[in-house]
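Position one of the sequence shown corresponds to residue 68 (my numbering), numbered consecutively onward.
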Amino acid sequence: MRLTKFVDSLPIPPILKPSRECCGLSYYTVRMNEFQQKLHRDLPPTTLWGYEGLYPGPSIVTWRDQIVRVKWENHLPVFRHLLPVDTTLHSSGPGIPQVRTVVHLHGGHVHTDSDGYPEAWFTNNYEIVSPLFKNRVYEYTNHQRASTLWYHDHAIGITRLNVYAGLAGFYIIHDKEEQCLNLPGGKYDIPFIIQDKTFLEDGTLYYPDRPANPSPALPRPCIVPGFFGDTILVNGKIWPYLEVEPRKYRFRFLNGSNSRFYNIRPEAEGKGSPPAWLQIGTDGGLLEKPVELNQLMLAPAERADVIINFSQFPGQKIRLTNIQPPVEEDTTGQILEFRVKDYLSEPDTSTVPSFLSPFYPLSECDADLERNMFFKISTDSYGRPHFLLNGTMWSEPVTEKPLLGSTEIWNIINAGAGIHPVHIHLIQFQILNRQPFNAGLYNTTGKLEFTGPAVLPDPNEMGWKDTVRAAPGFVTKIIMRFDHYTGRYVWHCHILEHEDYDMMRPIEIMKRPCLKSRHRYN
Ligand SMILES: [Cu+2]
């Protein structure tokens with residue numbers, strides 16, 4: 068359906084107040100529930116799921132090293148999911164409750180029991196908890212750099228549905244280093260969660276219960292290999308506008324979509340040149356230096372902290388547009404409209420220093436272990452595409468067991484046709500390079516033959532990342548260190564329709580053998 072663009076102002080998710088604060092510890096209770104919310108002036112209210120009655124959820128804003136404890140409560144309908152559940156997927160069959168939730172803090176460096184393991188789900192009022200459920204209260208120690216993280220649902224087999232229904236919100240960490248830079252802050256620091264959805268005329272949220280042109284053999288509901296909505300929302304409003312002053316702003320972009328990638332750029336009204344924009348941060352915090360952007364590519368779950376300076380554009384309109392296929396110029400090609408006022412409410416004293424934060428690259432020589440990780444496209448018994456990591460299903464035993472304190476290189480081999488955004492829990496990594504290889508030869512013989520030199524990551528990827536685009540025909544080489552926590556975590560494709568259908572694997576960080584036992588003499 069066609070909705071008029073830029074008629075609603077951009078909402079900014081409210082900052083959640085802790086229910087208790089004491090001695091550097093903040094305690095929150097966050098309830099998941101079903102509610103109705105107006106997403107556009109001309110659309111009847113939409114039934115959604117969210118945190119604290121809001122889509123997107125309220126932002127949790129905290130400081131480095133401040134301890135945050137959150138009791139995540141499920142008050143969602145007990146028996147009926149808002150969207151079609153495919154019960155043929157892993158861990159979704161008979162006896163498994165349709166409505167189950169578990170919250171993951173994406174980008175958080177957290178204890179295994181607070182990471183939101185997909186099989187640590189719980190239902191309304193904890194009536195049913197999975198065998199791997201551990202605790203009602205999650206602890207986030209925030210021993211990490213200032214960064215734009217997000218919390219979202221991660222329940223096994225239905226993450227795509229729970230996130231699409233609205234279960235996502237920002238989690239922002241500040242620190243002194245960032246504060247000393249005098250970047251645009253306060254009301255000039257605004258997060259954008261960009262998502263695509265489809266609606267029926269009556270405002271109902273639509274999600275397909277089968278792929279287009281389904282074969283009669285398919286189950287119903289049946290997972291789709293990817294989802295692309297026809298409507299773009301920012302912070303829960305369809306094609307909103309934002310009034311800005313002619314000054315610098317910091318925008319924290321998050322692609323919170325299920326499958327859609329965005330290639331974003333600002334466009335000035337008429338034929339004028341758009342404002343300059345600089346990227347200052349990645350998934351894991353500040354870059355070493357600002358990077359001038361022409362356009363900004365964001366895969367699902369990637370974040371970019373960006374400065375846009377409107378000082379030369381008083382009285383003008385600037386559009387944020389998207390050119391990443393599949394796209395229609397007039398709908399999914401449009402994201403948001405800035406309306407620049409012609410006056411300042413106060414002088415702009417913010418700065419964007421040419422040096423932001425030191426970045427110490429990890430070297431290949433630091434690695435204790437190098438692993439080849441590959442994507443495999445298989446077909447399931449219904450004839451559906453089935454994307455696998457290392458040819459293994461989710462339910463198979465753990466094969467990757469990094470040692471605590473070790474540094475690993477992962478070569479992510481993509482011999483398929485599409486880009487997959489790979490996310491690893493617990494750690495932030497660095498991208499070393501991407502190198503083209505002969506995918507045909509690899510698919511037939513398993514032999515890895517490079518066809519060109521390794522290419523360095525883009526300048527705006529030369530920081531800490533937790534999600535990386537693994538392009539087809541390339542080996543994407545990343546390096547990471549496993550510190551502080553042992554136990555079970557996951558890595559997966561962040562296209563949620565892939566993640567939900569086996570493109571996810573456990574990893575287990577192992578303790579090193581005890582020094583005493585290593586040196587024991589008989
Ligand atoms: Cu994927």
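Glycine included, C-beta positions come from ideal geometry on N, C-alpha and C. A quick note: this is a predicted structure, and the numbers were derived from the prediction, not measured.
Taking residue i as part of the alpha helix (DSSP H), name the residues at either end of that continuous run.
i	result
L106	Segment: none, L106 is in no alpha helix (DSSP H) and carries neither H nor E.
H210	First-last for H210: undefined, no H or E at that position.
R501	Counting along the chain, R501 falls outside any alpha helix (DSSP H), though it belongs to the beta strand (DSSP E) covering 497-503.
T8	As shown, the chain starts at 68 and ends at 589. That puts residue 8 outside it, with no answer to give.
If you draw a straight line from the alpha carbon of residue i to that of residue j, how long is it in whole angstroms?
i	j	result
N589	L471	Caution is warranted here: a pLDDT of 45 is assigned to N589, below 50, making its placement in the model unreliable, and the coordinate value is therefore given only provisionally. Each residue's Cα considered, the two are about 27 Å apart.
H173	G519	34 Å
G323	S473	31 Å
H551	M364	32 Å
E88	R438	43 Å
L92	V358	35 Å
R98	T349	29 Å
R227	N325	6 Å
T534	L423	22 Å
E516	N478	13 Å
G253	N457	45 Å
T168	G382	46 Å
V394	D567	24 Å
N570	P526	The residue asked about is misnamed: residue 570 is Met in this sequence, not Asn. Straight-line Cα distance between these residues: approximately 28 Å.
I385	A371	19 Å
M51	K243	For the chain, the structure presents residues 68 to 589; residue 51 sits outside this window and is missing.
R203	P539	40 Å
L115	N100	8 Å
P161	W188	16 Å
Got a sec: does ligand 1 put a non-hydrogen atom nearer than 7 Å to the Cβ of residue i?
i	result
C560	yes
M571	no
H487	yes
F454	yes
H565	yes
Considering only residues of the same chain and omitting the five flanking positions on each side of residue i, which have a CB-CB separation below 6 Å?
i	result
G296	D263, K264, T265
I82	S126, V128
F259	V301, F318, F320
D435	S473, T474
R69	none
V145	N191
Q165	H148, V152
E369	N322, T534
Identify, in the order they occur along the chain, each residue of the same chain with its Cβ nearer than 8 Å to the Cβ of residue i, setting aside the five sequence neighbours on each side.
i	result
P275	P151, V291, F294
Q379	P313, P342
L309	S76, L77, I257, L403, E404, F405, R406
L250	D256, R317, I347, I374, S417, T418, V419
E355	F422, L423, S424, P425, F426, M529, G530
Could you spell out where the beta strand (DSSP E) holding residue i opens and where it closes?
i	result
E437	436-446
Q246	That residue, Q246, is in no beta strand (DSSP E); its alpha helix (DSSP H) goes 243-246.
V177	Here V177 belongs to no beta strand (DSSP E), and DSSP marks it neither H nor E.
H221	Counting along the chain, H221 falls outside any beta strand (DSSP E), and DSSP gives it neither H nor E.
G348	344-349
W130	124-130
W188	No beta strand (DSSP E) holds W188; DSSP gives it neither H nor E.
P452	452-456
C432	Careful: C432 lies outside any beta strand (DSSP E) and carries neither H nor E.
E475	474-481
N141	134-141
W116	113-118
H487	487-491
E336	First-last for E336: undefined, no H or E at that position.
Please list, in chain order, all residues of the same chain as residue i whose beta carbon is under 7 Å from its beta carbon, the five residues on each side excluded.
i	result
L523	N500
I79	I257, N302
K84	none
G337	none
Y122	Q104, L115, G233, G303
Taking Cβ positions only, does residue i come closer than 8 Å to chain C?
i	result
L309	In the structure shown, chain C does not exist; there is a single protein chain.
Check: Could you give the uninterrupted runs of the beta strand (DSSP E) lying entirely in the region 287-331, keeping only those of 3 residues or more?
Finding: Entirely contained in the region 287-331, the beta strand (DSSP E) runs reaching 3 residues are, in chain order, 298-301, 308-311, 315-322.
Next item on the list: Please specify which runs of the alpha helix (DSSP H), each continuous and at least 4 residues long, are wholly inside the region 256-286, giving them in chain order.
Entry: none
Margin query: Threshold first: 3 residues or longer. Then list the beta strand (DSSP E) segments lying entirely within the region 352-428, N to C.
Written below: Runs of the beta strand (DSSP E) inside the region 352-428: 352-360, 363-365, 370-376, 384-389, 401-407.
Next item on the list: Could you pull out every unbroken alpha helix (DSSP H) segment of at least 4 residues lying fully inside the region 511-579, listed in chain order?
Entry: 563-566
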